[in-house]
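Quick notes on the structure that follows.
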């Protein structure tokens, strides 16, 4: 969990200091940019390449080590292989005549270049999204993300929706993630001392081993939540009452400039998207590789 | 004869982390069979880390820990060397970490937070079954251990979550005892209990010790050390400071350096010494002797 | 002198159908500026009593007044402005994601203006010695530090009565010492503050202004420590200990050595025995 999403790094770069609302917006915007249709594979890979470059620049500014991406990706190798198998072996679409075969098995079963490309494409998008999330979580305190969320939920307040309760729940959840992670580690160690092996065994045994972790963890969560609610009550928390906020977000010049940059980047990608849909062009990469393969 | 031995044992948390530190550095010690050992030191001194190497929950980064014929280290070259000229049976034993975990029972701090089964008896049977006992055998040993920790038979089919805090802790301890460990390690066994609960648990541990088990207790509670320990191991910042007896420890002038809490009796004796008490204050280890000495000083 | 807390014929049970009464007809009073220790075994009802005082539980019958205000649903705002609780588990009462956020939590709940909040957070974080850690998250703090933050959160609200519900029982000796020192300083700072400490520490109880002992939900003894602990047999019959200093004094008395009554700490006793 903590591996995938990263943890706030102890630096104070410009990216760290940016307004969390802006960072939140940029994250969503760039994620959407990942998912726009850019036509054929050549275009798609060029666009993702440009996006990757932008992300690498941001990561360099924010002093995020490239190696931290790999630790985030560790848990995704399995998914990559899974995707590859699906895309390679499952025939895509009804009409296979337009596809480019890569390997044809003697029994007529064919693996297409498109399958490989699609896997790569999906995986690349996934990696970029993880990098984006990593940038946000490495440079923004969880509480600041909550404040940003609270701000975006403002329209709901107008229709009397209790958004403050939702943000309180999220902030408490964020606050307790490290505590519960620590606790689950302790429980696992204790159960290992009683002979549980979390790595081995078949499904039934694995489910049983997981129970030895989940049940104690749930019990402790409940008792924690009871104590927590008492503590909040004692300190005068009223979910529907009027509250002030200690932390106030201020939109500064640097945030305005950054917003402008984000909008420019968006415009660039949207243009690319529109352009590619009107002028599809030849799929050079696919053709090139197909040509080499055929040769 | 030693039962546990550590040899230049060093453990580093998360080597990749740029600000990593040695949780344990170059610890070499021996623990005798049948001893009652307390391991003391302030928070972060490495005492919990040390006992977790005893059943291979933590594997030393360098150096090794030896429990009878088991060699525990993550240094593969060293392990190969250690096992080189050993008996076939020893090499075979070393392949099964479960056998080591059965031999060294480890009761964690707040063990009541590990209960998970729907009934008390099932929870206690869980360990023995993992270590290869059959259902009926496991049930037998579970019953025996529950009675040993003072849980009446009428409770066996109850849910562990219905019990009081002290009872839960005793059930959790029974869950370890049921696997019949030769060595019982307890991490802060009295934490969070009221005075009566503390005495109850300590008497229980004393009984386990009388049955010939080696007992190792990690604790902050110096009154417990004074009243129960035979040997004390002092750790500070991951280093072994000394292996000593409780009496010597509490009279040593160094004790405050390691932020250990001194039992009130010894605090008072030290105060008397500093205030220039006109009487003999050496070798006082209990309350009655103290009173006798004060009386002597005043009237003789 | 006016009363900080007054309890009259208080009764409470968690489950009225089971008929097990947790608090049975308890009455006592605490004066302003006192340091009172509430002792008893686990299950004696002392934590329940703390929760009743702060209106975290509702009494079945009886009356409680804090600072002259009747404790009931209607006066809940005033009660929260008067009495605060530091709980046992440092983790489960740390609500904010950082030290400053946690100190500010109670202020936010009272809709205190932001400028005032910043000022109060600064002032009270300094008072408890946490002003260098304002941006730290709870997993970077020790148990003792988290408890100090909880205390700052209460002081920042300007509360006059603070209940410590076994607030040091989960701390290591360093943490315990830390909190004890802080309480001592707070008392010096503001002699009007009233403390109710629910504790197992007999030595601490012996040094307080007043001791209340609970046993199976009933008030067992109440009074100044010298008087309460003087009845050694009565204390020991419910399995409680006698403070060390008193043990020495009593043992010496049996041998015919009298010591002055006002000696309460080992330091004083040592000084006396050494003729200083």
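Protein chains in written order, with our numbering: chain A, 1127 to 1421; chain B, 64 to 363; chain C, 108 to 383.
Ideal Cβ placement from N, Cα and C applies to all residues, glycine included.
Residue contact with chain B for residue 256/C: absent (no Cβ-Cβ distance below 9 Å to any residue of chain B). Annotation for residue 97/B: 275 and 277 place their beta carbon closer than 7 Å to its own, counting only its chain and skipping 5 residues before and after. According to the DSSP assignment, residue 277/B belongs to the beta strand (DSSP E) that extends over 277-281.
A Cβ of chain A is located within less than 9 Å of the beta carbon of residue 193/B.
Looking at the DSSP output, residue 321/C sits in a beta bridge with 326/C.
Contact note: residue 257/B reaches chain C through 148, 149 and 307, using a C-beta cutoff of 7 Å and chain order.
The Cβ neighbour count for residue 1280/A, taken over all protein chains shown within 10 Å, is under 16; the residue is labelled exposed. Spatial neighbours of residue 316/C in its own chain (CB-CB distance under 6 Å, excluding positions within 5 residues in sequence) are listed in chain order as 141 and 142. If you look at residue 244/C, you'll find it isn't in any alpha helix (DSSP H); DSSP assigns it neither H nor E.
Inside the segment 1232-1263 of chain A, DSSP marks whole beta strand (DSSP E) runs of 3 or more residues at positions 1236-1238, from first to last along the chain. In the structure shown, residue 133/B adopts extended strand secondary structure according to DSSP, grouped into three states. Going by beta carbons, residue 1176/A and residue 1209/A fall outside the 9 Å limit. Look at the beta carbons and you see the segment 67-78 of chain B not touching the segment 259-274 of chain B: under three pairs across the two are nearer than 8 Å. In the structure shown, the three-state DSSP call for residue 273/C is coil. Residue 1230/A counts as exposed, since fewer than 16 other C-beta atoms from the protein chains shown sit within 10 angstroms of its C-beta. The criterion of a C-beta distance shorter than 9 Å is satisfied by residue 1174/A and residue 1250/A. About 4 Å separates the CB atoms of residue 86/B and residue 112/B; that is less than 8 Å, so the two are in contact.
Every alpha helix (DSSP H) stretch that sits fully inside the segment 286-319 of chain C and reaches 4 residues is listed by chain position as 309-313. Residue pairing by DSSP places residue 250/B opposite 281/B in a beta bridge. Comparing alpha carbon positions, the residue from 346/B, 171/B and 89/B closest to residue 303/B is 89/B. The closest CA to that of residue 349/B, considering only 360/B, 328/B, 342/B and 334/B, is found on 328/B. Pairing residue 192/C with residue 1274/A gives a Cβ-Cβ distance that is not under 9 Å. Between residue 1408/A and residue 1164/A, the CB-CB gap reaches or exceeds 9 Å. When the beta-carbon positions are compared, residue 296/B and residue 310/B stay at least 9 Å from each other. Residue 1153/A and residue 1392/A have their C-alpha atoms some 12 Å from each other.
Sequence-distant Cβ neighbours of residue 213/B in its own chain, meaning closer than 7 Å and more than five residues away, are 233.
Residue 234/C and residue 319/C have their alpha carbons spaced roughly 29 Å apart. Around the CB of residue 257/B, 16 or more other CB atoms lie within 10 Å, so the residue is classed as buried. Secondary structure of residue 341/C (DSSP, three-state): helix. Residue 376/C places its beta carbon less than 9 Å from that of residue 331/B.
Residue 116/C sits in a strand when the DSSP states are folded into three classes. Three or more Cβ pairs closer than 8 Å define a contact, and the segment 217-234 of chain C falls short of that threshold against the segment 1380-1388 of chain A.
Within chain C, the C-beta atoms nearer than 7 Å to that of residue 334/B come from 373, 374 and 377, in chain order. Taking a cut-off of 8 Å for Cβ pairs, the segment 234-250 of chain B and the segment 175-182 of chain B touch, as three or more such pairs fall below it. The segment 101-146 of chain B contains, as complete beta strand (DSSP E) runs of 3+ residues, the segments 125-130 and 133-135 (chain order). Counting the other Cβ atoms within 10 Å of the Cβ of residue 346/C gives fewer than 16, which makes it exposed.
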